[in-house]
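Take a look at the structure below.
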Amino acid sequence: MSAKMEYKGTDVEEAIGNACAALNVAREELDIRIISTGSTGIFGLGRKKAAVQVSLKKEGGQEQTRPAPEKKAHAPKARPERPAAEKKPSTPKPRPEQSADNDEPEEVVGDPVSAEEMEMIRADVAKILELMGCPSQVGVEQDQNNKVHAKITGEFVDILVGPEGQTLDGLQYVMRKIITRKFPQKVLFALDAGGFRENRMGELQARALRLAQEVKETGKTRTIPAINPAERRMVHMALQDDTEIRSRSVGEGLFKKVLIYLPGKGRRRSPRKRKGGEKTE
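In numbering that gives the first Met the number 0, the protein residues as written are 0 to 280.
Shown next, in the form of structure tokens:
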């Protein structure tokens, strides 16, 4: 019985071509069953490859086989050792009092975006909102740092913002992925709805200052729940001139918490051991 093998490609034709190349046979010598025709996804996301299952046809009761072309073995090239003088010095890790956050610097400049590309971005945002069942008006503009700002207005603003702006952050994340796939240049993108971002930044700044005052009065660390990188930058900037307190981002992934604390109290200390081996806090 002929063994069945599976091959994939961007479409069915490429998958069959990959099978022919791997087995060193012509297409006519294969029994082919299409498993999946593949999918281009939406806006280039969620793309799936086509897949086919093939086996060699039998001729005269004997399975046709054709030897695969021999591959010449190449000895691995020795990688030249870098002289000691050229080796890069190791970068020292930042001190805890220096923000261990991986947020981008405040001022980032992107590549220019043409009017045609701006319209493509606007149309993609509008299409996503339509697919969500929330058709809205979308305007786009570019600032002095070449950052593209898309602003949503209409009756569905509250739904699109979501709790604490989480839905809006999710839409912005998806759009950035789409833009990265579509355009070769570095495009900076921000999405807002109903002026939420501007109001949110003002609220965060006031909240950071209020919590900083509480920390000074009580000596206890205060926490702002998980927020996105732009919002964390706003908190750090609001407190950067205050020499009495520190702020630090903690957590994994895109959304992190911000700790506001007195110097020396922003980290947990490991439990100490008594002489008898018992742990104390």
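Just so you know, even glycine gets a beta-carbon here, dropped at the ideal spot from N, CA and C.
Just so you know, these numbers come straight off a predicted model, no measurement behind them.
> Under three-state DSSP, which class holds VAL242?
Replying inline: Looking at the sequence provided, one finds Thr at residue 242 rather than Val. In this structure, THR242 counts as coil in the three-state DSSP scheme.
> In terms of alpha-carbon separation, which member of ASP142, VAL124 and ILE33 lies closest to VAL112?
Replying inline: Comparing Cα positions, the closest option is ASP142.
> Span of the alpha helix (DSSP H) holding GLU5?
Replying inline: Segment 4-8 is the beta strand (DSSP E) holding GLU5; no alpha helix (DSSP H) there.
> Thinking C-alpha only, which one of VAL11, LYS47, LEU128 and ASN23 is nearest ARG32?
Replying inline: Here the closest residue by C-alpha is VAL11.
>> If I measure Cβ to Cβ from ALA138 and keep anything under 6 Å in the same chain, skipping five residues before and after, which residues do I get?
In response: The sequence shown places Gly at residue 138, not Ala. If we look at GLY138 and ignore the five residues flanking it on each side, its Cβ neighbours are LYS150.
> Measuring CB to CB, does ARG221 end up less than 8 Å from LEU210?
Replying inline: In contact: ARG221 and LEU210 (Cβ atoms closer than 8 Å).
> Taking C-alpha atoms, which residue in TYR260, MET236 and GLU251 lies nearest to GLU243?
Replying inline: Each of TYR260, MET236 and GLU251 was checked against the Cα of GLU243, and the nearest Cα belongs to TYR260.
> In three-state terms, what does DSSP make of LEU203?
Replying inline: Residue state for LEU203 is assigned as helix, using DSSP reduced to three classes.
>> Quick check on the DSSP output: the alpha helix (DSSP H) that includes VAL124 runs from which residue to which?
In response: Residues 114-130.
> Which one or two residues does DSSP pair with GLY138 in a beta bridge?
Replying inline: Residue pairing by DSSP places GLY138 opposite LYS150 in a beta bridge.
> Between PRO262 and ARG245, which are expected to be in contact by the criterion C-beta below 8 Å, what is the C-beta distance as a whole number of angstroms?
Replying inline: Contact flag correct, Cβ pair sits at about 6 Å.
>> Counting C-beta neighbours from all protein chains within 10 Å, is the total for TYR6 16 or more, i.e. buried, or is it exposed?
In response: The residue is buried, with at least 16 neighbouring Cβ atoms inside 10 Å.
> Can you give the Cα-Cα distance for ILE223 and LYS256, rounded to whole angstroms?
Replying inline: When rounded, the distance between both Cα atoms is 6 Å.
>> Am I right that LEU190 and LEU167 are in contact with their C-beta atoms under 8 Å? What's the rounded C-beta distance?
In response: Contact between LEU190 and LEU167 holds, with the beta-carbon distance rounding to 6 Å and staying under 8 Å.
> So, SER35 versus ALA20, is the Cβ gap smaller than 8 Å?
Replying inline: For the 8 Å CB-CB criterion, SER35 and ALA20 do not form a contact.
> Which residues bound the alpha helix (DSSP H) around THR220?
Replying inline: Premise fails: THR220 is in no alpha helix (DSSP H) and is neither H nor E.
>> Whole angstroms are fine: how far does the CA of ALA2 sit from the CA of ALA18?
In response: Rounded to whole angstroms, ALA18 to ALA2 spans 13 Å at the Cα level.
> Mapping DSSP to helix, strand and coil, what is PRO168?
Replying inline: A small correction: the amino acid at residue 168 is Asp; Pro does not occupy that position in the sequence shown. Three-state DSSP puts ASP168 in a helix.
> Cα-Cα, which of SER135, VAL24, GLU251 and GLY218 is closest to SER54?
Replying inline: With respect to the C-alpha of SER54, the residue from SER135, VAL24, GLU251 and GLY218 having the closest C-alpha is VAL24.
> Taking all protein chains shown into account, do 16 or more other C-beta atoms lie within 10 angstroms of the C-beta of VAL186, making it buried, or fewer, making it exposed?
Replying inline: Per the 10 Å Cβ criterion, buried.
> CB VAL147 to CB MET117, shorter than 8 Å?
Replying inline: For VAL147 and MET117, yes; Cβs fall inside 8 Å.
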